[in-house]
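Some notes on the structure that comes next.
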Amino acid sequence: MARNLTQEEIDAFKARLCAVAERRFVEGGVASVSMRQLAEELGCSPMTPYRYFKDKDDILATVRTAAFDRFAAALEAAGASVAEPRERARAVGEAYLAFAFAEPNAYRLMFDMTQPDDDRYPDLERAGSRARRTMSAHLETMAQRGLIHGDPQVLSYVIWASIHGLVMLRLAGKLPGDPDFRVIHAEMLRLLAAGMRAPMPDASLEAGHEADRKAVSEPVPPATPTPIRQQRKRSSQ
Numbered sequence: 001m002a003r004n005l006t007q008e009e010i011d012a013f014k015a016r017l018c019a020v021a022e023r024r025f026v027e028g029g030v031a032s033v034s035m036r037q038l039a040e041e042l043g044c045s046p047m048t049p050y051r052y053f054k055d056k057d058d059i060l061a062t063v064r065t066a067a068f069d070r071f072a073a074a075l076e077a078a079g080a081s082v083a084e085p086r087e088r089a090r091a092v093g094e095a096y097l098a099f100a101f102a103e104p105n106a107y108r109l110m111f112d113m114t115q116p117d118d119d120r121y122p123d124l125e126r127a128g129s130r131a132r133r134t135m136s137a138h139l140e141t142m143a144q145r146g147l148i149h150g151d152p153q154v155l156s157y158v159i160w161a162s163i164h165g166l167v168m169l170r171l172a173g174k175l176p177g178d179p180d181f182r183v184i185h186a187e188m189l190r191l192l193a194a195g196m197r198a199p200m201p202d203a204s205l206e207a208g209h210e211a212d213r214k215a216v217s218e219p220v221p222p223a224t225p226t227p228i229r230q231q232r233k234r235s236s237q
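So for the sequence shown, UniProt numbering puts the first residue at 1; every next one is plus one.
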């Protein structure tokens, strides 16, 4: 008669299952991975994973939740290590890169994959929200102190889009060796910082510029031709 597993053994099995699933989801895509394949790699019966997870989507949600929590914890620890807002932003950014390159599979599952019916997985929704807050909290502080200009939420998406794009290019091996990744990264940050420090345009001036642009873009109506008879009459006077 098989003995009952201890909670520690159950947790260890679930961790192994999630580690295998994380790798296989990234390598072959979620659709190509079956519960049977996961069980085969773990050396257990096909029904064993179903004791702890409803289905493959449940495993995916668990893997992504854990990844978001690890990511957020790394960024939170980096941000808590310094007090000055600009230094905090730099520390959080470095932690972002460190996580992405140390755990590329987890990074891809977090940000390159969508999962339908997120409301079925409240832990995933919580972990994702935690990660997003961690990425933008220092920007809110900087905006409050007048160190940057603009909506912190919008700025956080601008920065995220830039960093994520650069990270994915490197993970895909699409960046040249010269210039170095760090050189490209530093120049990108310089441009982003300069844009965030620039004052927001005055609304009235922007409205005037828009009117000027509209006037320039509108086609000039063609001149109305003078009737030939009227032209002859003028020439005879």
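Ideal Cβ positions, reconstructed from N, Cα and C, are used throughout, including at glycine.
message: Using the Cβ count rule (16 or more neighbours within 10 Å means buried), how would you classify R120?
response: For R120, the number of other beta carbons within 10 angstroms of its own is below 16, and it is reported as exposed.
query: For V26, which residues from the same chain have a beta carbon less than 6 angstroms from its beta carbon, with the 5 sequence-adjacent residues on both sides left out?
result: Here the set comprises N105, R108.
message: Quick check on the DSSP output: the alpha helix (DSSP H) that includes D55 runs from which residue to which?
response: Segment: none, D55 is in no alpha helix (DSSP H) and carries neither H nor E.
task: Determine contact between the segment 40-51 and the segment 5-25, defined as no fewer than three beta-carbon pairs at a distance below 8 angstroms.
output: Segments in contact, yes.
query: If you drop the 5 nearest sequence neighbours on each side, which residues of the same chain put their C-beta closer than 6 angstroms to that of D69?
result: Cβ within range, chain order: A127.
- request: Using a threshold of 8 angstroms, state whether the C-beta atoms of A72 and S81 are closer than that.
  value: Contact flag unset, no.
- request: For L205, name the three-state secondary structure that DSSP assigns.
  value: In this predicted model, L205 has a pLDDT of only 48, less than 50, meaning its place in the structure is not dependable; the value taken from the coordinates is given anyway. For L205, the secondary structure class from DSSP, reduced to helix, strand or coil, is helix.
message: As a quick exercise: from E187, D58, I10, E76, pick the residue whose alpha carbon is nearest that of T134.
response: Closest by alpha carbon: E76.
field: Candidates M168, G146, R190, of which the one nearest L97 by Cα
entry: Nearest to L97 by alpha-carbon distance, out of M168, G146, R190, is M168.
task: Put A66 into one of helix, strand or coil per three-state DSSP.
output: If DSSP states are grouped into helix, strand and coil, A66 belongs with the helices.
field: Cβ separation of I10 and Y52, assumed to be a contact under 8 angstroms, to the nearest whole Å
entry: Indeed they touch by this definition, with Cβ atoms about 7 angstroms apart.
- request: Can you tell me which of the three DSSP states L38 falls into?
  value: Here L38 sits in helix by DSSP.
- prompt: Is P152 helix, strand or coil when you go by DSSP?
  reply: Assigned with DSSP and collapsed to three states, P152 falls in helix.
query: Skipping 5 residues on each side, what residues in its chain have a beta carbon closer than 7 angstroms to that of A198?
result: The answer, listed in chain order, is H149.
- prompt: Looking at the structure shown, is Y121 part of a helix, part of a strand, or coil, going by DSSP?
  reply: If DSSP states are grouped into helix, strand and coil, Y121 belongs with coil.
- prompt: Any idea what DSSP makes of F13, helix, strand or coil?
  reply: It is helical.
- prompt: Residues in its own chain within less than 8 angstroms of E84 by CB, not counting five upstream and five downstream?
  reply: There are no such residues.
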